[in-house]
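Chemist:
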DNA sequence: CGTTCCGTTGAATGGGATCAACGATTGTGG
DNA sequence: CCACAATCGTTGATCCCATTCAACGGAACG
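Protein chains in written order, with the UniProt record's numbering: chain A, 1 to 234; chain B, 1 to 234.
Structure representation (structure tokens):
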């Protein structure tokens with residue numbers, strides 16, 4: 001299911017958005033020393049089990065993961081997708097148990113930080129403390145992001161736009177996206193039927209807003225995609 | 001619009017859920033000294049203007065507030081309601097500007113904390129730092145709470161159940177609720193038409209799940225209300 | 001006393017879910 | 001290596017839930 005791998009925050013391309021952001025060079029070594037494990041996972045590997053006790057925060061080093069929440073009725077819901085640089089587990093600080101399971105969507109690598117040690121270190125490193133609060137704050141914004149969408153078109157456009165923006169934030173292409181997740185995962189995440197995803201993607205294609213081939217998407221008209229989200233005017 | 005009022009965390013009934021949680025007695029005085037202002041607001045007062053620069057966190061001392069977000073198309077959306085003890089502004093730490101406006105729903109009181117000073121203080125007070133992270137983490141959970149609901153019935157039941165739980169958390173009644181907000185505000189918050197709110201409340205009443213008179217609600221059958229949320233089985 | 005907003009009710013419409021079927025892809029085991 | 005199963009993605013037809021439009025009584029307010 002997983003195998004060890006080398007880690008080194010100093011040379012990691014994601015340090016600009018990940019935990020080390022704002023942390024000084026010398027201090028970085030102390031943060032690095034705290035990374036207990038860096039593990040490789042493969043598609044469908046379950047990394048975190050929902051309800052298990054909270055001990056670690058995780059940072060995505062490469063690949064993609066999804067968070068899946070199971071309710072008392074046995075219904076599954078994808079609560080989020082995690083890209084490289086994302087911090088996972090911030091919501092569990094309060095609840096003390098992980099609120100969802102974490103599953104790899106493709107071959108992916110995860111860095112692991114023990115939270116108690118992180119807290120001890122951040123007490124001595126104001127920059128780390130500040131970054132922890134910033135990331136936690138960012139997570140609140142992410143969670144609130146999808147509240148605007150009313151129609152299925154707006155929901156899906158918002159999802160794609162968001163994925164595009166997050167890609168850009170990481171220095172990846174904002175127009176060339178690889179959807180590592182299935183249509184069902186997308187549907188579950190934004191709260192609609194997979195059939196509707198299909199139909200609206202088709203609609204976007206016939207309007208020349210994007211081209212999609214299997215799980216490779218090319219955004220042709222970012223401006224009209226943004227308008228489709230219902231968040232901006234023409 | 002607002003007038004000064006006395007503040008004193010030590011004797012505040014909300015210290016068990018508010019910022020002071022976990023903070024020692026002597027340390028509490030230093031936190032108290034940091035409260036710059038405690039102001040009284042009245043219905044419809046705008047306390048925070050969306051997009052204004054982030055400087056302070058706020059804690060609700062009494063009453064109720066709503067957060068309202070305006071998008072580029074001029075559409076308004078209620079993104080949250082704030083009860084006594086709630087911390088407001090945690091999402092703005094990342095964005096550096098407030099992402100929504102804050103409006104009083106009734107005569108209410110707010111405590112104001114300068115964030116920079118709070119950070120300086122928390123560097124010396126691990127308990128305060130821990131509470132800031134806990135509260136931020138809690139906010140992530142709140143934002144994710146409504147993702148489960150599919151139907152209008154589930155959304156509204158979830159909203160009422162949530163309000164009831166938050167009331168209980170504060171030592172108030174979990175069955176006797178005062179809805180300080182309008183039906184339109186509720187509708188905007190959970191993403192449905194105010195007419196539908198009316199119809200489903202009527203349905204809940206004829207099923208003897210609750211009784212509602214103007215803005216006073218009495219929950220008769222919390223168990224069946226929970227089932228209506230679609231989060232639990234019978 | 002008129003005006004405005006709030007809350008409710010009725011009737012009609014439509015958007016998205018649901019059900020069903022099918023080809024394509026992936027994965028499995030003999 | 002291939003037959004088979006299972007999942008994925010798409011398309012079509014139907015239905016139902018929630019929005020929309022419209023109207024009205026009541027309360028709050030100036």
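All C-beta atoms, glycine included, are put in the ideal place defined by N, C-alpha and C.
Everything numeric in this text was worked out from a predicted model, so none of it was measured.
1) For the region 211 to 233 of chain A, which residues have a CB atom closer than 8 Å to at least one CB atom of chain B, in sequence order?
2) Less than 8 Å between the CB atoms is what I'm expecting for residue 23/B and residue 97/B, so what's the real figure, rounded?
3) Is residue 191/A helix, strand or coil by DSSP?
4) Out of curiosity, what's the CA-to-CA distance linking residue 182/B and residue 52/A?
5) Of the residues that make up the UniProt domain "HTH crp-type" (150 to 223) of chain B, which ones have a beta carbon closer than 8 Å to any beta carbon in chain A?
6) Starting from residue 58/A, follow its DSSP beta bridges and name the residues at the other end.
7) Which same chain residues end up closer than 8 Å to residue 34/A when comparing Cβ atoms and leaving out the 5 residues on each side of it in sequence?
8) Starting from the C-beta of residue 79/A, find all residues in its chain whose C-beta is less than 6 Å away, skip the five residues before and the five after it, and write them out in chain order.
9) Is DSSP giving residue 27/B helix, strand or coil here?
10) Do we get a CB-CB distance below 9 Å when we pair residue 52/A with the residues of chain B?
11) Check each candidate in 21/A, 125/A, 76/A and name the one with the smallest Cα separation from residue 59/A.
12) Please look up how many angstroms separate the CB atoms of residue 43/B and residue 105/B, rounded, as I've assumed it's under 8 Å.
13) Please classify residue 210/B: is it buried, with 16 or more other beta-carbons within 10 angstroms of its beta-carbon, or exposed?
14) Could you list which residues in chain B have their beta carbon closer than 9 Å to that of residue 79/A, in chain order?
15) Using beta carbons (cut-off 9 Å, strictly below), is residue 8/A in contact with chain B?
16) Do you know how far the Cα of residue 91/A is from the Cα of residue 136/B?
17) Can you give me, in chain order, the residues of the region 76 to 109 of chain B that have a beta carbon less than 8 Å from any beta carbon in chain A?
18) Please list the segments of the alpha helix (DSSP H) lying wholly inside the UniProt domain "HTH crp-type" (150 to 223) of chain B, counting only runs of 4 or more residues, in order along the chain.
19) Per DSSP, which residues does residue 48/A bridge with? Please list them.
20) Is the shortest distance between the beta-carbon of residue 64/B and the beta-carbons of chain A less than 9 Å?
21) Do residue 19/A and residue 87/A have their CB atoms nearer than 9 Å?
22) Measuring only the C-alpha atoms, how far is residue 220/B from residue 157/B?
23) Give a yes or no on contact between the region 215 to 229 of chain A and the region 188 to 196 of chain A, applying the rule of three or more CB pairs nearer than 8 Å.
24) Going by DSSP, what residues sit across from residue 53/A in a beta bridge?
25) Quick one: what's got a C-beta closer than 8 Å to residue 27/A's C-beta in the same chain, skipping five residues either side?
26) Where does residue 144/A land, buried or exposed, given buried means 16+ other C-beta within 10 angstroms?
27) Residues bridged to residue 38/A by DSSP?
28) Helix, strand or coil for residue 15/A? Go by DSSP, reduced to three states.
29) Of all Cβ atoms in chain A, is any one closer than 9 Å to the Cβ of residue 119/B?
30) Should residue 126/A be flagged as near chain B, meaning a C-beta pair shorter than 9 Å?
31) How would you label residue 138/B, buried or exposed, when you count the other beta carbons within 10 angstroms and need 16 or more for buried?
32) Are the beta-carbon atoms belonging to residue 149/B and residue 190/B less than 9 Å from one another?
33) Check each candidate in 107/B, 134/B, 179/B and name the one with the smallest Cα separation from residue 41/B.
34) For the region 14 to 35 of chain A, list every residue whose C-beta sits within 8 Å of some C-beta in chain B, in sequence order.
35) Assign residue 165/A to buried or exposed, taking buried as 16 or more other Cβ atoms, counted over all protein chains shown, within 10 Å of its Cβ.
Modeler: So, to answer that:
1) From the region 211 to 233 of chain A, only 230, 231, 232, 233 have a Cβ closer than 8 Å to chain B.
2) With a Cβ gap of about 28 Å, residue 23/B and residue 97/B do not count as contacting.
3) coil
4) 40 Å
5) 150, 191
6) 88/A, 112/A
7) 113, 114, 117, 118, 121
8) Within the same chain, residue 79/A has close Cβ partners 67, 69, 100.
9) helix
10) no
11) 21/A
12) 7 Å
13) buried
14) 144, 147
15) no
16) 8 Å
17) 77, 79, 90, 91, 92, 93, 94, 95, 99
18) Here the runs fully enclosed are 152 to 169, 183 to 190, 194 to 206.
19) Note: residue 48/A sits in a beta bridge opposite 102/A.
20) no
21) Going by beta carbons, residue 19/A and residue 87/A fall inside the 9 Å limit.
22) 13 Å
23) no
24) 97/A
25) 125, 127, 128
26) buried
27) 111/A
28) coil
29) yes
30) yes
31) buried
32) yes
33) Of the candidates 107/B, 134/B, 179/B, the one whose C-alpha sits nearest the C-alpha of residue 41/B is 107/B.
34) none
35) exposed
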